[in-house]
Each structure stands twice: as C-alpha cells, then as structure tokens.
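Heads up: the protein sequence lines correspond to chains G and L, in order.
Be aware that the first sequence starts at 1, since it is given in UniProt numbering, and climbs by one per residue.
Be aware that the second sequence starts at 1, since it is given in UniProt numbering, and climbs by one per residue.
Using N, Cα and C, we set each Cβ at its ideal position, and we do this for glycine too.
Small disclaimer: the values here were computed from a predicted structure and weren't measured.
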Amino acid sequence: MVRYLTMRLGQALIVVVLVTVITFVILHVLPGGAARATLGKDATLDQLAAFNHDMGYDQSLVRQYFLYVGRLLHGDLGYSYQLNQSVTEAIGQRLPKTMLLSLLSTLLAVVVAIPLGVIQAVRRNRWPDYTITSLSLLAYATPIFFLGLMMIILFSQVWPILPAEAPQGFTLGEVLSDPAGLILPTITLAIVTIAVYSRYVRSSMIDNLNENYVRTARSKGMPEWRVVLVHTLRNGLFPVITLLGMYLPALFSGALVVESLFNFPGMGRLFWQSALKRDFPILLGVTLIISVATVLGTLVADLLYAAVDPRVRLRGRAS
Amino acid sequence: MSAPTDSTDRSRPLLELRHVSTDIALRKGTVHALADINLEVQAGQVLGVVGESGSGKTMTALSVMGLLPAGGSVVGGEILFDGRDLRSLPPEEVRRIRGVEMGMVFQDPFTSLNPTMRIGAQVAEPLRVHQGVGKAAARDQAIEILRRVGMPRPDKIVDDYPHQLSGGMRQRVVIAMALVCSPRLLIADEPTTALDVTTQRQILDLIDDLRDEFGMALVLVTHDLGVIASRADRVAVMYAGRVVETAATADLFRAPRHRYTEALMQSLPEAADHDTGAKGRLYSIPGLPPDLSRPPTGCRFAPRCRFATAECRTTEVVLSTGDHQHACLHPVTVPAPAPISLRPGPAVVPTPAPALGVREPGERAPKAPAILSIRGLVKNYEAAGGALRRATGQVSAVAGVSFEVHPGETLGLVGESGCGKSTVGRLAVGLEVPTEGQIVLDGTDIATLDRRERRLMRRQVQLMFQDSYAAMNPRMRVDAILAEPLQIQHVGDASARRARVTTLLDQVGLSRRVLERYPHEFSGGQLQRLGLARSLALQPRLIVGDEPVSALDVSIQAQVLNLMRDLQHELGLAYVFISHDLSVVDYMSDRIGVMYLGKLVEVGPAHEVVRSARHPYTQALIDAVPSVDPNAVTRRTDTTIRGELPSALSPPSGCRFRTRCPLATETCATTEPPLTGDVHQVACHFPLRVESAEAARA
C-alpha cells in the first residue's frame with residue numbers, strides 16, 4: 001500500500017511538473033505580453049522594457065521557468081501587480097468560497113441524483129422513468145448561463161424570494177452569514193450535475209438488477225426494498241465514485257460561468273478576470289492548483305474504489 | 001431416497017404443476033416458453049428435468065420460484081406447493097415460501113453471489129429476514145450450515161468475499177444459502193454445468209447427502225443425461241416448451257418411448273459403438289428446435305423426427321397415462337440396447353486393439369513422420385498481483401509437455417480447467433511463444449524460422465475456437481470472414497478465393513446462400529461449422545480444436561463431431577482435440593493425453609486410456625463422469641478426488657497430483673515421476689493395472 005501510494009504520488013508529481021512547463025511556455029509566447037497588459041496602452045517602450053526587466057521577463061524562458069519553480073518551492077506563487085496582492089493571498093481568499101459552493105452543490109446533486117436514478121431503474125420504462133429521463137435530458141441540454149438566468153428571473157424577479165447575487169463577504173464566515181445568497185448558485189450548479197449523475201446511477205442500477213446475484217437474493221425470498229437497497233445499490237454506485245473523482249478538480253477551479261453570473265468571488269471568476277487581463281502569475285497559480293487537484297482527484301477516486309469494492313481491496317491477497 | 005419424514009400428506013405431491021403455461025413478452029412478439037406443463041414431485045423425491053437449451057427446463061424452475069425474467073409471466077395453470085396454488089396466494093406469503101420452504105441453486109456460481117457482501121451475511125440473510133434470528137446467532141448458524149456443505153474452515157470463510165473462493169466453493173456457498181432455512185424443496189438448475197467434472201462429482205454427492213439428511217424433495221434441472229441417470233428417481237424430458245416423456249429413471253433409460261428421447265440418447269458420444277475400435281457415426285438430429293414465438297402445431301419434434309408422419313404435424317399429442325408417460329404417436333416399441341458406460345467392465349482385460357482407425361505410433365513399422373512434434377514445452381506467465389500489478393511470481397501453465405501428432409490422427413487432450421490444455425493448443429498454433437521447449441512442425445523447428453517462413457508454416461496448423469461467434473468480427477460478412485486467411489497469406493486472386501470459399505461452405509455443409517450473412521444470423525452449430533470452414537481455408541494438415549463442441553447441445557454436438565470426422569477422412573487432417581469432456585474426447589480421438597496442472601500425466605491409445613487408465617488422476621476423472629447407464633452404481637471409489645486444484649503459482653513438489661492422490665507416498669513429494677512406457681505412457685510412481693496391461697501385451 002505504501003509503495004502503491006509512493007508510486008502514484010510520483011506519477012502525480014511528473015504530471016504537475018509537465019503542466020507547469022506547458023502553461024508557462026504557452027502563456028509567455030502569447031502576443032501582447034504582461035507589461036502591456038499591466039501598464040496600459042499609453043506606456044512607452046522604455047517603460048515596458050523597464051517593467052520587463054524588473055519582472056525578469058527579459059531573461060530567457062528557461063531561466064524564468066527555473067526562477068519560477070525555485071520560488072514555488074518556497075511557497076511563493078508570485079505577485080500580481082494588477083490585483084496588487086500575492087497570488088497565494090488572492091487564491092487563499094477565493095478558494096474556501098469556491099470549495100464551499102462546489103461542495104454544497106455536489107452534495108445536493110448526489111443526495112438527489114442517487115434516489116432519482118434508483119427510482120428510474122426500478123420503474124424502468126414506466127412513467128417515473130420517462131418523466132425523470134426527459135427532465136434530465138432537458139437540464140443536460142440547457143446552457144448553464146441560460147439556466148442561471150432563468151433561475152434569477154424566476155426566483156428573484158418574478159417571485160422575489162431569493163437574492164440574485166451571491167454573498168460578497170470577504171471571508172468564509174461572512175459568506176456563510178448570508179446563506180440565502182448561496183441558494184441559487186448552488187441549485188443552478190447542482191441541476192446539471194444531477195442530470196448527469198442520475199443517468200449513470202440509472203444505467204448502472206439497471207445493469208446490476210439484471211445480475212444473477214440479484215436473482216439469488218430474490219430466490220431467498222428477500223423483500224424487494226432489500227433486494228434494491230441492500231444488494232444492488234452498493235454495486236450500482238461504483239460509477240458515481242469515478243464521477244466524484246473526476247469532479248474533484250472543479251472543487252478547486254470553481255465554475256466559470258455560474259460564478260460570473262452570480263458575481264460570486266471565487267476561483268472561477270478570478271481565473272476568468274485574470275485571463276482577460278493577462279495576469280500571468282494568477283493564471284499560472286490557478287492552473288497549478290487545478291492540475292494538482294486533478295491528479296489528486298483520480299488518486300482519491302482509486303482509493304475510494306478500494307474502500308467500497310472488496311475485489312479491488314483484496315487483489316493480490318486473494319489466491 | 002429417504003422416506004418423507006414430515007407430516008405431509010403422502011397422497012398429495014409436495015409440488016404439482018397443472019397445465020402451466022409461461023409466456024415471455026419481448027419487444028417483438030411473445031415467446032411461449034412453456035405450454036401445458038404437468039409435473040409432480042413427491043416429498044423426498046428427486047425429479048430430473050432434462051432437455052436441450054430452449055426446451056423450457058429452466059423456465060419451469062423459474063416459474064415455480066416466481067423468478068421469471070423481465071417480461072415473463074405464468075399465463076395459465078396452477079403451481080401447487082403442498083396443495084396451495086402459488087399463483088393465488090398473497091405475494092408476501094409466496095415470498096416467505098420461496099425463502100423458507102423452497103431453495104434454489106443456480107448454474108453459474110461465479111455470478112450468483114453478491115460480490116460486495118461477505119459470505120456469512122449472504123448465507124445468514126434468510127434467517128435474519130424470515131425467522132428474525134439475531135445477528136450473532138445467525139452467524140453461528142451460517143458457520144454451521146457452511147460446515148455441513150463441506151466448506152473447509154467455515155469460521156474463517158464467513159468473513160470472506162465471494163471472489164476469494166473457487167467455483168466449487170462458491171457453489172457450496174450457494175447451496176448453503178438455499179438450505180439455511182431447511183427447505184422442503186430444493187430446485188437445482190444445472191448446478192454443476194459451470195464446474196469441472198471432479199468438482200461436479202463432489203457437488204452432486206453433496207446434494208445427495210443433504211437431501212437424505214434434510215428429507216427434501218429435489219428438482220434437478222440439467223442438459224446432462226448422465227447427471228440425471230445417476231441421481232434422479234423420476235425423469236421428465238422436455239422439448240420446445242413441453243414435457244414429451246416422463247418415467248421412472250431406470251425405465252426411461254432402459255426403454256425410452258418418445259422418438260426425441262431416443263434420438264437424444266443416440267446422439268451421445270457414449271452411444272457410439274466402442275468395442276469394434278472403429279467408432280461409428282453418431283446419430284445427429286437434423287435441423288434446429290422450433291421458434292417458440294410461433295410454435296408449430298402438432299408434435300413439436302415432428303419437423304426433425306425420422307418417424308414423423310402427416311398425422312404428427314396436425315394432431316396435438318398429449319401425454320399418455322400410466323407410470324411411463326409419453327407424447328408420441330409412433331413411440332419406440334423395441335427396447336434400445338443399453339447405453340454404453342465409460343466405466344471399465346469387470347474383469348475385462350483390455351486388448352490393445354490392432355483395429356482400423358486406431359493408430360499406435362511405434363507399432364506400425366513405416367510410420368509417417370509427425371506433423372507436429374512438441375518437446376519439453378514449458379510456458380510460464382508472470383503473475384501480477386497487488387495494487388501495483390507487480391510481478392509476484394510465476395504461474396506454471398505448461399511444465400514440460402512432449403507429444404507427437406501424426407498425419408490423419410486425432411490426439412485428444414483432456415483435463416480440468418487450469419490444467420494447461422488450452423495453453424498447449426495456443427502454443428502449438430503459435431499464438432503464444434513458449435518459455436522453453438521445441439515445437440517442430442513437419443520436421444522444422446519453428447524457432448529457427450524467420451518471420452516470413454514462419455507465416456508460411458502457420459498454414460499447416462490452424463485453430464478452431466469454442467465460441468466461434470466471439471472469434472469472428474461481427475461486422476464482417478461470411479464471405480469476408482472465410483476469405484480473410486487467404487488474403488493474409490496472399491493465396492490466389494479474388495476469383496480463386498471466391499471459388500475456395502464456396503468449396504469450404506460445401507465441405508462444412510452450409511448453403512452458399514449464407515455468403516452475404518453476418519455471424520449473428522447463425523445458430524451455435526452453424527457457427528461451429530463456419531469456424532471449421534475458416535480453419536480449413538488454408539488447407540492445413542493439422543487443426544487444433546479448443547473445446548470446439550463444448551457450448552453445443554447434444555444433438556448439435558453430434559452434427560459437428562460427425563462433420564469433423566468426415567472431413568478428417570476426406571482430407572487426411574490431423575486434429576488436436578482439446579476438451580474437458582472425456583466422453584467426447586474418447587469418441588473423437590485415436591490417442592488421448594491427460595493433463596493435470598501443466599503436466600501430461602498419461603498418454604496412450606484412446607481405448608486403453610479410457611478403459612484401463614493407469615494414472616490415478618485419469619481414473620478419478622473417468623469415475624467422476626456421470627454415466628448414462630442407470631444401473632451403474634455411483635459408488636465412491638478410492639479414486640474419488642477430494643479437495644481443490646493447487647495453485648499453479650506454487651505447484652506441489654514432485655508429482656503435482658500428489659496432494660489429491662489417494663495413493664501418494666513420500667516418494668511422490670520428493671521425486672517427479674517421468675512419463676514412462678512405449679505406447680501407453682504414464683507419469684506415476686504407482687500406476688494402476690500394471691499387471692493386467694503387461695499381461696495383455698505378453
């Protein structure tokens with residue numbers, strides 16, 4: 001187990017290093033450059049050159065990269081002149097809020113999607129299945145900005161019961177003190193996820209309900225609820241674990257569209273604004289965090305699998 | 001055959017089916033799976049239900065249990081359990097009866113258990129749910145019932161998961177689960193079909209013992225006439241959704257009345273006349289069973305029956321009355337000759353038959369050079385284990401196997417799963433590279449050839465698969481499938497290939513109209529014909545058949561076996577015929593090699609190996625085959641194998657069979673016995689029947 005983890009973490013490290021190289025190179029060969037973006041269109045060539053010299057942008061890419069990595073190893077993700085704060089600080093302010101929003105919506109999605117999928121599988125090809133399937137496809141096909149706008153129009157204009165803007169608090173505590181503001185973004189994010197997850201749960205449950213072990217359970221005279229919930233559900237949830245693992249990066253990256261739409265001060269909006277302003281240090285920092293999260297996410301999914309599926313857990317021990 | 005011990009009214013059957021009909025609604029039309037089934041099972045009795053695939057035998061079992069697949073429902077008749085109609089009882093009561101009073105054992109132990117639930121929880125579940133037994137008490141009872149089904153270390157197994165157990169052990173768990181509430185009726189649907197023959201023997205013996213112990217009635221559903229003959233009190237023969245004949249077991253096997261039953265028995269490889277040495281053709285039932293979404297009128301077997309008349313096709317035939325019932329207008333009147341058993345007869349000294357058809361290398365002076373010669377063949381696989389999939393050792397799949405195959409000869413390779421017989425086949429055709437040893441094709445060691453020469457050499461040896469459907473590209477038409485080997489080997493131009501393809505179809509008895517069809521449009525038997533045609537495309541001299549008929553019903557199997565023998569005579573082909581089924585191998589082979597855990601333990605003329613086996617393993621294998629002769633007493637001989645196949649990761653030292661051998665001594669653990677003898681070779685320190693074999697030769 002220790003060896004396995006060591007190896008997986010080694011692989012993860014390689015991926016992360018490659019990601020930093022690629023992002024670094026791409027961002028620095030883009031036309032325009034950081035100097036122009038920071039100093040504005042009125043800046044003179046001399047001013048630009050001075051800025052580039054101060055920032056080390058006039059050195060070779062390789063050297064810049066190693067300087068960047070050297071700073072990284074000291075926990076220094078860089079400094080954003082445009083936000084006038086360190087990258088660590090900028091991300092540190094937004095990450096907890098993004099994680100809060102993502103966690104809430106994922107939790108909501110899982111809690112709703114699993115029963116929906118199970119109901120569809122059990123009532124397969126009857127009206128509950130058809131109804132939920134239609135709604136899922138509708139939700140899945142709707143662009144999220146449209147969905148978000150409709151939510152705002154419906155629940156804060158037509159029927160004004162919820163705020164259209166997410167809480168603007170500076171700290172996590174301030175955000176939490178305004179829970180009503182979180183409701184619309186959370187639900188908007190969750191709806192699409194529910195549509196996806198419930199489809200997976202449905203097809204996985206249908207597959208499992210046709211398995212021989214389910215027939216065995218019925219032959220033991222088990223009541224139907226027991227057949228579905230005790231025997232089939234655990235086996236039917238494996239695809240959800242994979243999905244959750246793949247979703248983990250979104251916990252860190254946030255949701256670009258929804259955060260912008262509800263003006264939520266999270267990672268997604270930070271990334272979006274930094275990209276518009278060519279704020280390289282921020283873009284690099286966020287990309288790095290997301291790539292680490294992606295790699296860790298798959299690792300966590302694998303470990304979760306081992307926890308739920310004895311066949312994976314005991315592989316190698318079984319003879 | 002214990003007397004019923006409970007208070008059940010003896011005049012009333014425990015289970016009675018009256019005019020039961022079952023339909024399965026599909027997207028397109030309805031399959032009338034069962035039509036007017038009448039059956040009776042008395043308390044403590046064993047009813048065998050036998051039939052080929054699609055006969056409705058499993059549907060009968062599932063109808064009783066109320067476990068029909070989606071779309072299936074019982075549409076008519078009564079299913080009386082202890083006098084109460086299961087169709088009119090409230091669902092809760094039916095569920096209780098199903099869980100407590102009836103138990104069911106399924107065919108495939110590998111998929112019948114919940115993979116994420118511990119064994120103990122699965123076995124104890126009926127106790128907890130139906131009888132409200134507490135957790136600790138249920139666990140104790142689960143351990144107890146696991147012990148009674150012969151599970152080693154049951155107190156440890158309860159905490160294991162199914163994938164940690166072998167197939168035989170999993171089937172014991174399924175049986176324990178079915179028995180945990182002491183049911184009055186056990187339904188076993190092909191309980192041993194997925195298992196090896198020695199394991200089958202263990203499981204069938206176990207069911208027998210438990211039936212006596214629990215005083216249960218048993219419905220034994222199987223396609224295997226041998227299993228039925230040795231275990232059932234009464235037999236019902238099913239065909240196309242109907243019961244066509246039912247009788248006491250001995251009566252049925254001694255004198256089958258229905259023409260279908262008769263034909264089925266004549267299709268068995270055991271029915272071929274062994275004593276002459278030249279084994280005759282098997283009787284094969286022509287055609288296919290009817291499509292049950294549009295069942296034919298009249299006798300459903302009439303379209304395939306040798307004795308059918310116009311009357312058969314128009315009159316609905318009902319079961320006759322009496323003890324031996326049949327639904328046939330032209331029943332068999334003269335008792336057929338008793339089926340032949342695989343068992344050695346008493347005091348019959350085997351004569352090394354110098355007969356036609358049996359080639360014995362070493363006896364005929366100018367023998368043709370071997371087409372395939374395998375010397376000291378070894379194949380090890382890296383065993384990957386653990387989460388990292390790192391190599392944890394070596395699996396010894398084939399460990400020093402040597403044999404020769406001569407032109408026109410059939411060498412049968414027989415052994416249980418994991419013995420390495422398929423690996424030998426794959427090595428012989430070059431699908432795998434041996435770890436050690438030589439493969440000499442037609443006098444040339446293929447290791448010495450370069451790529452091009454090796455490809456040309458491949459033409460000489462072709463492979464035929466068990467599952468031809470899986471072995472064909474589903475998106476290719478038959479003409480492309482059959483022409484592909486010719487294309488790859490650059491044989492002839494397009495028109496020559498077309499001509500060759502039509503010849504091939506003629507040879508395997510398929511109409512030329514099938515050229516534009518796709519694999520999924522064919523039945524199992526037709527697919528094996530196609531598979532055979534493809535392996536014949538390059539005019540090989542040797543065909544390696546890996547379980548070529550194992551997936552087929554008896555009557556279809558006979559068709560394919562006959563075809564293979566006809567082509568052998570016509571084309572002078574040699575076969576390596578790999579199968580787990582000793583009676584099929586016996587029927588097909590001139591010589592038989594018996595494999596155990598990567599070793600060839602015995603090889604010799606088919607007649608001698610089967611009728612006077614010298615290796616204890618071979619004898620155990622033969623004893624384990626259920627005989628279709630109901631008079632053959634199923635006795636537990638000294639050679640009944642107990643226990644499980646050891647792991648090929650760490651095979652036993654010395655003789656690999658010693659851990660399960662009744663004759664093993666210390667010598668067996670220290671010294672590996674070499675394969676000795678000239679014609680009939682055996683690798684054993686204490687071979688059976690040495691004297692008689694030597695006497696016969698003297």
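Quick one: residues in its chain with C-beta nearer than 7 Å to the C-beta of residue i, no 5 flanking neighbours on either side, listed in chain order?
| i | result |
| --- | --- |
| residue 699 of chain L | The shown model of chain L, from 1 to 698, leaves out residue 699 of chain L, and the question about it has no answer. |
| A368 of chain L | H406, P407 |
| L127 of chain L | V133, A138, Q141, V180, C181 |
| G181 of chain G | P163, E165, A166, P167 |
| P434 of chain L | L377, V378, K379, L427 |
| F24 of chain G | Y65, Y68, L284 |
| P485 of chain L | R534, A537, L538 |
| residue 699 of chain L | A query on residue 699 of chain L cannot be resolved here, the shown segment of chain L reaching from 1 to 698 and no further. |
Could you check how far apart the C-beta atoms of residue i and residue j are, in whole angstroms? I think they sit under 8 Å.
| i | j | result |
| --- | --- | --- |
| S105 of chain G | L189 of chain G | 4 Å |
| residue 699 of chain L | V173 of chain L | Nothing in the structure corresponds to residue 699 of chain L, since chain L is present only between 1 and 698. |
| F264 of chain G | L101 of chain G | 6 Å |
| V286 of chain G | V16 of chain G | At roughly 14 Å, the Cβ-Cβ gap does not stay under 8 Å, so V286 of chain G and V16 of chain G are not in contact. |
| V508 of chain L | A533 of chain L | 4 Å |
| A234 of chain G | V227 of chain G | The amino acid occupying residue 234 of chain G in the given sequence is Arg; Ala does not appear at that position. R234 of chain G to V227 of chain G, Cβ: 12 Å. No contact. |
| E409 of chain L | D590 of chain L | 5 Å |
Which partner residues of residue i appear in the DSSP bridge assignment?
| i | result |
| --- | --- |
| A70 of chain L | Answer by DSSP bridge pairing: none, since A70 of chain L is not bridged. |
| I439 of chain L | L:I374 |
| T246 of chain L | L:A236, L:Q325 |
| Q85 of chain G | G:S80 |
| S396 of chain L | L:N380 |
| H569 of chain L | Paired residues: none, contrary to the question. |
| residue 711 of chain L | An answer regarding residue 711 of chain L cannot be provided, because it is not within the stretch 1 to 698 covered by chain L. |
| F81 of chain L | L:L15, L:R84 |
| D23 of chain L | L:H32, L:S73 |
| F403 of chain L | L:I374 |
| E40 of chain L | L:E16 |
| T676 of chain L | L:V682 |
| residue 705 of chain L | For residue 705 of chain L there is no data in the structure shown, the boundaries of chain L being 1 and 698. |
| M265 of chain L | In DSSP, M265 of chain L forms no bridge with anything. |
| L413 of chain L | L:I578, L:G593 |
Just to confirm my understanding: we take residue i, look at its own chain, exclude 5 residues before and 5 after, and list those with CB closer than 6 Å. What are they?
| i | result |
| --- | --- |
| L218 of chain L | V46, L186, R211 |
| P128 of chain G | I119 |
| P290 of chain L | A240, P296, R300 |
| L77 of chain G | V87, T88, G285 |
| A387 of chain L | Unreliable placement is indicated for A387 of chain L, whose pLDDT of 45 sits below 50; no coordinate value is reported for it. |
| F657 of chain L | Y596, Y617 |
| T670 of chain L | G654 |
Say yes only if the C-beta of residue i is nearer than 7 Å to one or more non-hydrogen atoms of the ligand ATP, and no if none qualify.
| i | result |
| --- | --- |
| Y68 of chain G | The ligand ATP is not part of this structure, which contains no ligands at all. |
For residue i, which residues in the same chain have their Cβ closer than 8 Å to its Cβ, ignoring the five residues on either side in sequence?
| i | result |
| --- | --- |
| I187 of chain G | S105, L108, M151 |
| A139 of chain G | L147, I191, V192, I194, A195 |
| M7 of chain G | none |
Which residues in chain A have a C-beta closer than 9 Å to the C-beta of residue i? List them in chain order.
| i | result |
| --- | --- |
| F106 of chain L | The question asks about chain A, but that chain is absent: this structure's protein chains are G and L. |
Review point. What are the start and end residues of each continuous beta strand (DSSP E) run of 3 or more residues lying completely inside the region 444-510 of chain L, in chain order?
Key: Qualifying beta strand (DSSP E) stretches, in chain order: 461-464.
Review point. Curious, which full-length alpha helix (DSSP H) runs of at least 4 residues does the region 130-172 of chain L contain?
Key: Secondary structure in the region 130-172 of chain L: the alpha helix (DSSP H) runs of 4 residues or longer, each lying completely within the stretch, are 135-148, 154-157 in chain order.
Review point. Does the region 252-267 of chain L come close enough to the region 283-298 of chain L that 3 or more CB-CB pairs lie under 8 Å?
Key: The region 283-298 of chain L makes contact with the region 252-267 of chain L: 3 or more CB pairs, one atom from each, lie closer than 8 Å.
Review point. Does the region 517-527 of chain L come close enough to the region 470-478 of chain L that 3 or more CB-CB pairs lie under 8 Å?
Key: As far as the Cβ criterion goes, the region 470-478 of chain L touches the region 517-527 of chain L, which means the pair count is three or higher.
Practice item. Evaluate contact between the region 205-225 of chain L and the region 49-57 of chain L, counting only Cβ atoms and requiring at least three cross-stretch pairs below 8 Å. Key: With contact defined as three or more Cβ pairs closer than 8 Å, the region 205-225 of chain L and the region 49-57 of chain L are in contact.
Check your understanding: Counting Cβ pairs closer than 8 Å, one from the region 142-156 of chain L and one from the region 236-248 of chain G, do we hit at least three?
Key -> The region 142-156 of chain L is not in contact with the region 236-248 of chain G.
Exercise for review: Could you tell me whether the region 486-499 of chain L touches the region 526-534 of chain L, where touching means 3 or more Cβ pairs closer than 8 Å?
Suggested key: Segments in contact, no.
Review point. Does the region 11-23 of chain L come within contact of the region 159-179 of chain L, defined as at least 3 CB pairs closer than 8 Å?
Key: Output reads no: the region 159-179 of chain L does not touch the region 11-23 of chain L.
**Study point:** Touching by the beta-carbon criterion (3+ pairs, under 8 Å), the region 26-39 of chain L and the region 71-82 of chain L
**Key:** Contact between the region 26-39 of chain L and the region 71-82 of chain L is present, because at least three Cβ pairs lie under 8 Å.
Exercise for review: Let me know the beta strand (DSSP E) ranges lying completely inside the region 533-607 of chain L, each 3 residues or longer, listed in chain order.
Suggested key: Counting whole runs of 3 or more residues, the region 533-607 of chain L contains the beta strand (DSSP E) stretches 542-546, 574-579, 591-596, 599-605.
Practice item. Could you pull out every unbroken alpha helix (DSSP H) segment of at least 4 residues lying fully inside the region 210-259 of chain G, listed in chain order? Key: Look at the region 210-259 of chain G and you find these whole runs of alpha helix (DSSP H), each 4 residues long or longer: 212-219, 233-236, 238-253.
Point to revise | Three-pair Cβ contact test at 8 Å for the region 36-52 of chain G versus the region 296-311 of chain G | key: In this structure the region 36-52 of chain G does not touch the region 296-311 of chain G; the number of beta carbon pairs closer than 8 Å is below three.
Point to revise | Segment contact, 8 Å Cβ cut-off, at least three pairs: the region 417-426 of chain L with the region 592-607 of chain L | key: Cβ pair count under 8 Å is three or more, so yes.
Check your understanding: Are there three or more Cβ pairs, one per stretch, closer than 8 Å when the region 548-557 of chain L is compared with the region 497-513 of chain L?
Key -> With a cut-off of 8 Å on Cβ pairs, the region 548-557 of chain L is not in contact with the region 497-513 of chain L, counting fewer than three such pairs.
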